[in-house]
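To start, the structure under review is shown below, and the notes come after it.
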Amino acid sequence: MCALKTFRNGGVHPPENKLSVTSAIEVFPVPRQAVIPVNQNLGAPATPLVNKGEAVKVGQLIAKGESFISSNVHSSVSGKVLKIDEMIDQTGFRKKAIVISVDGDEWDPSIDRSPMLKKEITLSKEDIVKKIHEMGIVGLGGATFPSHVKLMVPEGKKPEYLIINGVECEPYLTADHRLMLEKTAEIIVGVRILMKGLGVEKAIIGIENNKPDAIRKMAEAASEYPQILVQGLKVKYPQGGEKQLINALLGREVPSGKLPIEVGCLVNNVGTAFAVYEAVQKNKPLIERIVTVTGKTIARPSNYLVRIGTPVQELLLSAQADLDRTGKVVSGGPMMGKALNSLEVPVVKGTSGVLLFAEEHSSRIQLRACIRCGRCVGVCPMGLEPVLLAQYSARSMWDNAESNLIMDCMECGSCHYTCPSGRPLLDYIRMGKNKVGQNIRNRGKK
Amino acid sequence: MIFAVVSLSAIGLISAVVLYLIAQKFKVVEDPRIGTVEESLPAANCGGCGFAGCRNFAEALVKKADDEKSLEGLNCPVGGAEVMKKVAAVLELEAVETEPMIAVVRCQGSYNNAPSKVRYEGAATCAFAHNLYAGTSGCAYGCLGLGDCVAACIFDAIHMDPETGLPVVNDKCTACGACVKACPRNIIELRFKGKKDRRIYVGCVNKEKGGPARKNCTVACIGCGKCVEACAYEAITLVDNLAYIDFVKCRLCRKCAPVCPTDAILEINFPLKKDKEAEPAGGKKATVETSTDSSPADADKKAPAEGDGLIISENK
């Protein structure tokens, strides 16, 4: 291990508040009813394969991702399909979901449920990608991009490094940290599978320095394989952004509007590496994930292994949340997470945490006029000018916003976090990205 | 002295000739009627006619008059019939009568009818909030109440009512359509102003099934279809659990409104019906308020107390 690295531009360091770091991963009980949305990935929704009243087993394919950027959805519980209906999602809009009423816990027999570590990788490169596609693996860092699409490198591009993201730069969240501590060997096998699937010789695992135990354990496990390097990183948000991580580890800069493959890299989360291990070695689809349930109003901050489709409310009950004192429930971390509209929403593939804020901490600071201090420009990890982009968006100057690279914004929220006047910079930039994205797509059509 | 006078006069003359020739060469022939027509237009440059400004509209009017000898299809919504008559007089044509229109807000999700379950404190613009979440009441179709329509109006014709949290259109509305475009949820529609300002329309755009729609708002259209049956003129259609009254076919007979079980159909500026029962005679407002205060649906809504007071915004 050499000196600590970090990315070059901007960044902030919010209080870490990793309250649940000492809680070992607990297996959360199977819910009575699971709501499984058919669109849990970035891209097109999957098409349901089951009908109302049909009996399903754990791990059974219930919706198939048919378009290119789409992923399969499997049942996380066993029981009967209650209905296929529009259910409220995290934003409050209704999206298609399969509702399963749970009866027992009968697993699909092809799934290997033994805890034994399986080290040898028997599948070929193509079969690995196929398996990952079949098992519905998506990026578990939060963006939920289908993993098999990532592994299909476009013609003419040569991947050089596989980068594994164990940064977990979001405050509060500890899901990846606990996973690295408890499933170290499995993650390393997952990394090797990904390396084989991608055809690269080198892998770097980046972990922030606030997790020294995880760095130590991962480095120990990786010492068997000289091609896997574990690299400690300085604590800085948003180091987990893939472009930031590549910059921190290799000093390379991904060009504007391009993918990491442009500089020979591919970034995957440690959670994804673990899911890949389970899919390829144990034939287990992505039906459960680790969710951090944390916050100052929770008596027992925990890390749960939760079946997809479990209502958030059940997690909060189990973690002994004080809902009377809670002002805001956020899905994800405090920086990039989204506040929930309702507690009935299910845990989906992209839910990395459920975070509660006390009433007194859940309001924004008072809005004042912009004082042109330029702090947002200083902290923007993408080197953009958030104040300018927000102004363009607020005034509907879409062309100017586009030429100032609004689409490069990754919505990390550092600008909004640092603004002393509480300007809703990211709100306006998001609006602008939405509109500019539409304009670009329309232009493509013509 | 003489030399100076002669040379200056010569320069003047030559310049005059050159300028004259250039002016002839680059002369732009413009129909003088365009200017006259433009003068009779309201000069609001609102774009309600579908053209960039009043000048463009005047050009289009003159062109159409020359080509087709009619003004059909061209209308200044701001000036209305009066202005179009003036324009027609300038162009020596018959004016085409157009029904005056007005913007209507098809949502009754006031604080009373659709109580807030969450608090929103993000950027105060509907365009952003619409992308972020469904709305404080949970209705994914209703008014977000952040006033993009108010900001879009250049005629000071639409304002937020602080009591209901909904925009209200006043009689300054010229039906230019700016608010219709500004609303990200397509709640505002241009409809016939109606005789004596009387209008009937469905005050809801929620396409959810009855149950979920009613859960969020007591006056939501539940798609029961009773109004479709009641209408004698086939003016009402039911698509995606939502009734829509075609304002061209509607004869304002008022048969649909009383049969609506959720009071989603609004009657504007009508006199009170004498023969109707005393209770709804107080107009929509009275019915709506009593039903909200005592309705069991309202009590249900309060039940998930955890949901109360959640804040929708990204976090700090």
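So the sequences go chain by chain: A and B.
Residue 804 is where the first sequence starts when you use our numbering, and the numbers rise one by one after that.
Residue 8 is where the second sequence starts when you use our numbering, and the numbers rise one by one after that.
C-beta: ideal position from N, C-alpha, C; glycine also.
Through-space distance from residue j to residue i, alpha-carbon basis
| i | j | result |
| --- | --- | --- |
| residue 136 (chain B) | residue 1143 (chain A) | 14 Å |
| residue 51 (chain B) | residue 183 (chain B) | 10 Å |
| residue 933 (chain A) | residue 958 (chain A) | 18 Å |
| residue 822 (chain A) | residue 226 (chain B) | 45 Å |
| residue 1021 (chain A) | residue 842 (chain A) | 33 Å |
| residue 1093 (chain A) | residue 944 (chain A) | 11 Å |
| residue 300 (chain B) | residue 224 (chain B) | Residue confidence for residue 300 (chain B) is low, a pLDDT of 37 falling below 50, so the modelled location carries little weight; the figure read from the coordinates is stated next. For residue 300 (chain B) and residue 224 (chain B), the distance between alpha carbons rounds to 13 Å. |
| residue 1185 (chain A) | residue 1041 (chain A) | 10 Å |
| residue 186 (chain B) | residue 1248 (chain A) | 27 Å |
| residue 1155 (chain A) | residue 831 (chain A) | 15 Å |
| residue 24 (chain B) | residue 1175 (chain A) | 58 Å |
| residue 1239 (chain A) | residue 129 (chain B) | 20 Å |
| residue 61 (chain B) | residue 966 (chain A) | 60 Å |
| residue 210 (chain B) | residue 1014 (chain A) | 56 Å |
| residue 36 (chain B) | residue 46 (chain B) | 19 Å |
| residue 73 (chain B) | residue 256 (chain B) | 33 Å |
| residue 1168 (chain A) | residue 888 (chain A) | 39 Å |
| residue 810 (chain A) | residue 1132 (chain A) | 31 Å |
| residue 1200 (chain A) | residue 164 (chain B) | 25 Å |
| residue 1024 (chain A) | residue 906 (chain A) | 39 Å |
| residue 1048 (chain A) | residue 1009 (chain A) | 8 Å |
| residue 13 (chain B) | residue 28 (chain B) | 22 Å |
Identity of the residue in the options nearest residue i by Cα
| i | options | result |
| --- | --- | --- |
| residue 1279 (chain A) | A:947, A:1070, A:1196 | Residue 1279 (chain A) lies beyond the residue range present for chain A, which begins at 804 and ends at 1249; the question has no answer from this structure. |
| residue 172 (chain B) | B:180, B:139, B:159, B:116 | B:116 |
| residue 1244 (chain A) | A:1226, A:1210, A:1219, A:1218 | A:1210 |
| residue 894 (chain A) | A:1203, A:1140, A:1062 | A:1140 |
| residue 66 (chain B) | B:233, B:94, B:27, B:242 | B:94 |
| residue 1212 (chain A) | A:1164, A:911, A:1110, A:1045 | A:1045 |
| residue 891 (chain A) | A:1208, A:1183, A:1147 | A:1147 |
| residue 829 (chain A) | A:985, A:908, A:886, A:1031 | A:985 |
| residue 1161 (chain A) | A:1135, A:1124, A:877 | A:1124 |
| residue 1120 (chain A) | A:853, A:1135, A:1100, A:1137 | A:1100 |
| residue 1202 (chain A) | A:1228, A:1220, A:1242, A:819 | A:1242 |
| residue 235 (chain B) | B:88, B:92, B:268 | B:268 |
| residue 1246 (chain A) | A:1205, A:1229, A:1222 | A:1205 |
| residue 158 (chain B) | B:56, B:131, B:250 | B:131 |
| residue 90 (chain B) | B:48, B:143, B:55 | B:48 |
| residue 1166 (chain A) | B:198, B:58, B:125 | B:125 |
| residue 208 (chain B) | B:251, B:195, B:218, B:92 | B:251 |
| residue 1190 (chain A) | A:1107, A:1180, A:1199 | A:1180 |
8 Å contact criterion, which residue i and residue j should meet: CB distance rounded
| i | j | result |
| --- | --- | --- |
| residue 193 (chain B) | residue 175 (chain B) | The pair is not a contact, with the Cβ atoms about 18 Å apart (cut-off 8 Å). |
| residue 262 (chain B) | residue 231 (chain B) | At roughly 15 Å, the Cβ-Cβ gap does not stay under 8 Å, so residue 262 (chain B) and residue 231 (chain B) are not in contact. |
| residue 950 (chain A) | residue 940 (chain A) | 4 Å |
| residue 97 (chain B) | residue 43 (chain B) | 5 Å |
| residue 1182 (chain A) | residue 814 (chain A) | 6 Å |
| residue 816 (chain A) | residue 1039 (chain A) | 6 Å |
| residue 881 (chain A) | residue 915 (chain A) | Contact flag wrong, Cβ pair sits at about 17 Å. |
| residue 1228 (chain A) | residue 1193 (chain A) | 4 Å |
| residue 865 (chain A) | residue 878 (chain A) | 5 Å |
Residues that residue i bridges to, as DSSP identifies them
| i | result |
| --- | --- |
| residue 1093 (chain A) | A:1108 |
| residue 1124 (chain A) | A:1101 |
| residue 336 (chain B) | A query on residue 336 (chain B) cannot be resolved here, the shown segment of chain B reaching from 8 to 323 and no further. |
| residue 1211 (chain A) | Note: residue 1211 (chain A) sits in no beta bridge, so no partner. |
| residue 1068 (chain A) | A:964 |
| residue 900 (chain A) | A:840, A:888 |
| residue 1134 (chain A) | A:1141, A:1157 |
| residue 109 (chain B) | B:198 |
| residue 752 (chain A) | There is simply no residue 752 (chain A) to check, as chain A begins at 804 and stops at 1249 in what is shown. |
| residue 920 (chain A) | In DSSP, residue 920 (chain A) forms no bridge with anything. |
| residue 1201 (chain A) | Answer is none; residue 1201 (chain A) lacks a bridge partner. |
| residue 850 (chain A) | A:867 |
| residue 877 (chain A) | A:864 |
| residue 244 (chain B) | B:251 |
beta-carbon residue i near the ligand MN non-hydrogen atom, thresh 6 Å
| i | result |
| --- | --- |
| residue 86 (chain B) | With respect to the ligand MN, the structure offers nothing, as it holds no ligand at all. |
Practice problem: Taking 8 Å as the threshold, find out whether the stretch 826 to 843 of chain A comes into contact with the stretch 1112 to 1119 of chain A through three or more Cβ pairs. | Solution: yes
Exercise. Take every Cβ of the stretch 997 to 1004 of chain A, pair it with every Cβ of the stretch 973 to 988 of chain A, and state whether three or more of those distances are shorter than 8 Å.
Key: no
Quiz item: On the three-pair Cβ rule with 8 Å, is the stretch 1215 to 1234 of chain A touching the stretch 132 to 147 of chain B?
Solution: yes
Self-check item: Contact between the stretch 142 to 157 of chain B and the stretch 899 to 909 of chain A (3+ Cβ pairs under 8 Å)
Solution: no
Practice problem: State whether the stretch 805 to 815 of chain A contacts the stretch 1091 to 1105 of chain A, with contact taken as three or more CB pairs (one from each stretch) at a distance under 8 Å. | Solution: no
Quiz prompt | At least three beta-carbon pairs within less than 8 Å, the stretch 989 to 999 of chain A to the stretch 1075 to 1082 of chain A | solution = yes
Self-check item: contact_flag[the stretch 163 to 171 of chain B, the stretch 205 to 220 of chain B] where n(CB pairs < 8 Å) is 3 or more
Solution: no
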